[in-house]
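So the mapping is simple: the numbering used here equals the position in the sequence shown, first residue as 1, plus 352.
Every residue, glycine too, gets a C-beta built ideally from N, C-alpha and C.
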Amino acid sequence: MNSLDKVLSEKIAAMQESKLLRTLKTTERLKSAKVIRNGKKLISFSCNDYLGLALDKRVKKAAIAATKKYGTGAGASRLITGNQPLYDILESKIAKICGTESALVFGSGYMANLGAITTLVGSGDIIITDKLAHSCIIKGAKLSGAEFKRFPHNNIEQLAAMLEKYRHEYKSCLIVTEGVFSMDGDSPDMPALQEICHKYGAWLMVDNAHDLKHPIHGENTIIMGTLSKAVGSYGGYIAGSKILIDYLKTTAKTLIYTTGLPPAILGASVKALDIIEKEQWRVNKALENAAYFRETISKEIDGLEMGSSVSQIVPLMIGSIEETEKISQYLYDNGFLVSAIKPPTVPVNTSRLRFSFSAEHDKKDIDRLIATLTRFYIK
Ligand SMILES: *Cc1c(COP(=O)(O)O)cnc(C)c1O
Numbered sequence: 353m354n355s356l357d358k359v360l361s362e363k364i365a366a367m368q369e370s371k372l373l374r375t376l377k378t379t380e381r382l383k384s385a386k387v388i389r390n391g392k393k394l395i396s397f398s399c400n401d402y403l404g405l406a407l408d409k410r411v412k413k414a415a416i417a418a419t420k421k422y423g424t425g426a427g428a429s430r431l432i433t434g435n436q437p438l439y440d441i442l443e444s445k446i447a448k449i450c451g452t453e454s455a456l457v458f459g460s461g462y463m464a465n466l467g468a469i470t471t472l473v474g475s476g477d478i479i480i481t482d483k484l485a486h487s488c489i490i491k492g493a494k495l496s497g498a499e500f501k502r503f504p505h506n507n508i509e510q511l512a513a514m515l516e517k518y519r520h521e522y523k524s525c526l527i528v529t530e531g532v533f534s535m536d537g538d539s540p541d542m543p544a545l546q547e548i549c550h551k552y553g554a555w556l557m558v559d560n561a562h563d564l565k566h567p568i569h570g571e572n573t574i575i576m577g578t579l580s581k582a583v584g585s586y587g588g589y590i591a592g593s594k595i596l597i598d599y600l601k602t603t604a605k606t607l608i609y610t611t612g613l614p615p616a617i618l619g620a621s622v623k624a625l626d627i628i629e630k631e632q633w634r635v636n637k638a639l640e641n642a643a644y645f646r647e648t649i650s651k652e653i654d655g656l657e658m659g660s661s662v663s664q665i666v667p668l669m670i671g672s673i674e675e676t677e678k679i680s681q682y683l684y685d686n687g688f689l690v691s692a693i694k695p696p697t698v699p700v701n702t703s704r705l706r707f708s709f710s711a712e713h714d715k716k717d718i719d720r721l722i723a724t725l726t727r728f729y730i731k
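Structural data, given as C-alpha cells:
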C-alpha cells in the first residue's frame, strides 16, 4: 500500500473503532417532510428546510426562470463579472429583513463566517466564542490569528468575568454566539449579552443560521445568516452597517477568491424570502410543532432530557453513541428519519437525537413519532 493510503487507513480504522467514522447516505427528499433512503420512505425530522421551501413550486419556478435568463454558472468571482443583477435584489431584501444598512451574500454560511471572522480580528485582538459555537466559527477564530477563548455555553456571567480579566490586554474584541444553537435549539439572553459587549467595548457577532425569528439590532453588531436552511436555497450572508459591508468586500477572502453563486440559487433565495414574508404561518407552524412535541412527549415519558430548547430544534439527550444509534435505528425501522448526532459535532458523552420540526409536519406525524418513542422507552 502507498504511504498516503497506509496513513489514512490507520486513521480510518481508529475512527471506526471508536464509532466516529462518518459515511454519506444517499437520500432523496420529497414534499411533506418525506425522504427516501435505501428504497424506504420515511418521515424526516432531520432536515433544516424548516419552512418547506426547498421543494416549493414557486421557488423551483424562480430558480428555473433565473437559469433561463442568466445561465447556469456565475462565470467569475463577484469582484470580476460574477456580480449579476439578482445579488442587488437579494442583498437589499436581506438588509431590510435584518433591519441593517447593508448585507453581503457569500457562497455559503460556512464561507460567510470564515471570511468575516478572519478579517475582523487578527494579531493583537481577542475573540471569545460560546463553547458550543459552530465549526465554522471555531475554524474562523483559530485562523484569524487573534487570541481565542471560549466561554461556557450561554453563561453570560462567565463571559463578563473573562472580559474583566482579559479585555484590556487587547485592541479589538469580538464576541461570537448563535441566535439559536444548531444542536441544542436554545438561545442566549441577547439583551444581557449586548449590555456586556457595550460595557467592555466588544463587538457582537450573532450567527442566526437556525433563527426563524427576526434577528437582533444594536450597535457594533454583526449578523450572520444562511440561505441554505429555512430559506431552502443556498448561500450565506453578513448583515450590518454599510462600512462593515464595504470593508468585507475588499478583505473577506472567501468572497473575493471564489466564484459567485449560480443564478438559479439567487433567484430561488429572492423568491423564498418573499414567500417567508407573506406566509408568516410557516415560521409559526414549525415552532408550534416543536412546542407540541416537547409538551406531549414529556407527559408520555418520564425523565427525558431535552435541554433548554425554545426553537424548532429539539435535542433528546442520550449520552452514549451506541444507545443513540440504537434509538435512531429503531425510529428508522418504524418509518422515521432522526439522525444520531455524535462527537465531534457535540461534546463527548452528549450524543443525542436531534429532532428538527418544520412547517411541513402535521400533528399526526408528530403523534406517531411520539407513540414510537414511547414504545421504545416503555416496552
Ligand atoms: C449550517 C450552519 C452554518 C453554515 O451554513 P451553510 O450555509 O450550511 O454553509 C453556520 N453556522 C451554523 C450555526 C450552522 O448551523
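Using the Cβ count rule (16 or more neighbours within 10 Å means buried), how would you classify Asn701?
exposed
Which word fits Ile698, buried or exposed, when buried means at least 16 other C-beta atoms lie within 10 angstroms of its C-beta?
Per the sequence shown, the amino acid found at residue 698 is Val instead of Ile. Val698 comes out buried.
Check whether the Cβ of Ser621 sits closer than 7 Å to any heavy atom of ligand 1, and report yes or no.
no
Could you say which of Leu356, Ile364, Ser384, Leu360 lies nearest to His713 if we only look at CA atoms?
Ser384
Would you kindly report the start and end of the unbroken beta strand (DSSP E) that includes Pro667?
665-671
For Ile446, which residues in the same chain have their Cβ closer than 8 Å to its Cβ, ignoring the five residues on either side in sequence?
Ala455, Val457, Gly577, Tyr589, Ala591, Leu625
Who does Ile527 pair with in a DSSP beta bridge?
Ile480, Leu556
Sort Asp717, Lys448, Leu442, Met367 by Cα distance to His569 and report the nearest one.
Lys448
With the cut-off set at 8 Å, would you say Gly461 and Ala561 are in Cβ contact?
yes
Since Met535 is in the alpha helix (DSSP H), which residue starts that stretch and which ends it?
Per DSSP, Met535 belongs to no alpha helix (DSSP H) and is neither H nor E.
Around ligand 1, what residues have a beta-carbon under 6 Å from a heavy atom of it, in chain order?
Ser460, Gly461, Tyr462, Asn465, His486, Cys488, Glu530, Ser534, Asp559, Ala561, His562, Thr578, Ser580, Gly588
Cross-strand partners of Tyr586 (DSSP beta bridge)
In the DSSP output, where bridge partners are listed per residue, Tyr586 has none listed.
Evaluate Ser621 with the Cβ neighbour count: other Cβ atoms within 10 Å of its Cβ, from every protein chain shown; 16 or more gives buried, anything less gives exposed.
buried
If we ignore side chains and look at the alpha-carbon of each, how far apart do Ala692 and Leu431 end up?
41 Å
By alpha-carbon positions, which one of His486, Ala498, Leu484, Ile480 ends up nearest to Thr471?
Ala498
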